[in-house]
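Counting with UniProt numbering, you get residues 1 to 306 for the letters of the sequence shown. Where is the CB? At the ideal position from N, CA and C, for every residue including glycine. Here is the structure we will look at, set down as structure tokens.
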Amino acid sequence: MAMQAATSDKLAQWLLNSIELDAAALHVGRYCGPWRASTAGKALASFHLVLEGDCYLHIDGQPPVHLQARDGVFLMSDVPHFLSPSADPAIPLQRPAMRPLGGAAEPDSAGLACGFFRFSGALSPLVVASFPAYLVCRSGDAALGRTAALFDMILAETGGDPDKPSPLIARLVELLFFYLIRHASQREALGAGLLALAQRGEFMALLDQMLQSPGEDWSIARMAAAAHMSRAAFCKHFTGAGGVTPAQFLLHLRMRLATQRLNAGDSVEQAASHVGYQSHAAFTRAFKRIVGEQPGAYRRQLRAAA
1 MAMQAATSDK LAQWLLNSIE LDAAALHVGR YCGPWRASTA GKALASFHLV LEGDCYLHID
61 GQPPVHLQAR DGVFLMSDVP HFLSPSADPA IPLQRPAMRP LGGAAEPDSA GLACGFFRFS
121 GALSPLVVAS FPAYLVCRSG DAALGRTAAL FDMILAETGG DPDKPSPLIA RLVELLFFYL
181 IRHASQREAL GAGLLALAQR GEFMALLDQM LQSPGEDWSI ARMAAAAHMS RAAFCKHFTG
241 AGGVTPAQFL LHLRMRLATQ RLNAGDSVEQ AASHVGYQSH AAFTRAFKRI VGEQPGAYRR
301 QLRAAA
């Protein structure tokens, strides 16, 4: 039991580390009157933090979600939605200009920090797919008590031009997001994805072995044997839990680990060998397919940035 818990913790840490996130605060200020706010339609994941007052989150086909001060919502994809001061989505509303935070709050007003975030990294889509369409951070959740300090720091950076927020706010939002997904990953109700796989006891040993030795010959037969399943049962249950076939998962895993090796200073040949590729051409094709550029170009960008 202790070994299983240790393996689960190790996998969870690795999987969370595989998410590469870049947040950007769009505006931070106060909405007043019959207001309406939304970040939908930009083909990006987004967030809304309630810094003062309260409001309601409206998503098509779902009941309104009441958000209070120091609550936040992270929409994992471009979900049609809007925030408003009313629980009734049919009330005509408008999007007025944001006012700076500070001073006395007016009735039906809410102080918000809103913006977008992008996921990058070969495994990020598979990790993100484990979570529901949106995650809510509740100020009253004892398990998220440490996020109160992050809200304090965010509030300390407000008060200026609503459309030119402090860049530090985006970095604090990223920390808040990681606290939230760690909390969510400890729950059992996850969809398909890497974290869903890690929560399945029959796949823990397999995932640990694949992480330790990604360059070995991971045939379907070998993976099934490591999970103590027949080939047919393994493919069915793995794909159902992970949302991708075992072969697709292996490809994403190897390319993610290859990017880590390149980040650590390995040559392209060393990174390719570590994840099981003896052919430079085959590795280049696989790397570009998953990462979006050739490994040599990726490594040159790293060196230029350094």
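- Secondary structure within the stretch 116-151: the beta strand (DSSP E) runs of 3 or more consecutive residues, fully enclosed, are 134-137 (chain order).
- Scanning the UniProt domain "HTH araC/xylS-type" (201-301) for uninterrupted alpha helix (DSSP H) segments of 4 residues or longer gives 201-212, 220-226, 231-242, 246-263, 268-274 and 280-291, listed from N- to C-terminal end.
- Classified as buried, His48 has 16 or more neighbouring CB atoms from the shown chains inside 10 Å of its CB.
- Scanning the stretch 40-123 for uninterrupted beta strand (DSSP E) segments of 3 residues or longer gives 45-59, 65-68, 72-75, 81-84 and 110-120, listed from N- to C-terminal end.
- Look at Glu157 here: in three-state DSSP terms it is coil, with no helix or strand label.
- Under DSSP, Tyr31 takes part in a beta bridge, and its partners are Ala110.
- Distance from the Cα of Val275 is smallest, within the candidate group Arg36, Arg300 and Trp218, for Trp218.
- Within 10 angstroms of the beta-carbon of Thr245 lie fewer than 16 other beta-carbons, which makes it exposed.
- One thing to note: Tyr56 has its Cβ no nearer than 8 Å to the Cβ of Met98.
- Taking C-beta atoms as the reference points, Ala23 and Gly115 count as a pair closer than 8 Å.
- Ranked by Cα distance from Gly242, the first of Arg231, Ala258 and Arg200 is Arg200.
- Ala90 has its alpha-carbon roughly 54 Å from the corresponding atom of Ser230.
- The beta-carbon separation of Asp88 and Gln68, rounded to 18 Å, does not stay under the 8 Å limit for a contact.
- For the pair Leu101 and Gly159, the CB atoms are nearer than the 8 Å cut-off.
- The alpha-carbon separation between Thr147 and Tyr179 amounts to approximately 7 Å.
- Ala24 is bridged by DSSP to Phe116.
- Judged by beta-carbon spacing, Glu174 lies beyond the 8 Å limit of Leu302, meaning their Cβ atoms are not closer than that value.
- Within the model, the alpha-carbon separation for His66 versus Ser166 is close to 27 Å.
- If you compare the alpha carbons of Ser124, Leu172 and Gly61 with that of Thr259, the shortest gap goes to Ser124.
- Val79 has its alpha-carbon roughly 35 Å from the corresponding atom of Thr284.
- For Asp163, the CB contacts under 6 Å within the same chain, skipping 5 residues up- and downstream, are His27 in chain order.
- The C-beta of Asp161 has fewer than 16 other C-beta atoms within 10 Å across all chains shown, which makes the residue exposed.
- Counting along the chain, Ala196 sits inside the alpha helix (DSSP H) bounded by residues Leu194 to Ala198.
- Per the coordinates, the alpha-carbon of Gln212 lies some 13 Å from the alpha-carbon of Arg256.
- Sequence-distant partners of Ala271 (beyond 5 residues in either direction) whose C-beta falls short of 6 Å from its own C-beta, in its chain, are Ala258, Arg261 and Leu262.
- For a cut-off of 8 Å, the C-beta gap from Leu75 to Ala25 is around 15 Å, too long to register as a contact.
- Distance from the Cα of Asp108 is smallest, within the candidate group Met210, Trp35 and Phe119, for Trp35.
- In chain order, Ser124 and Val127 place their CB closer than 6 Å to the CB of Ile19, counting only its own chain and leaving out the 5 sequence neighbours on each side.
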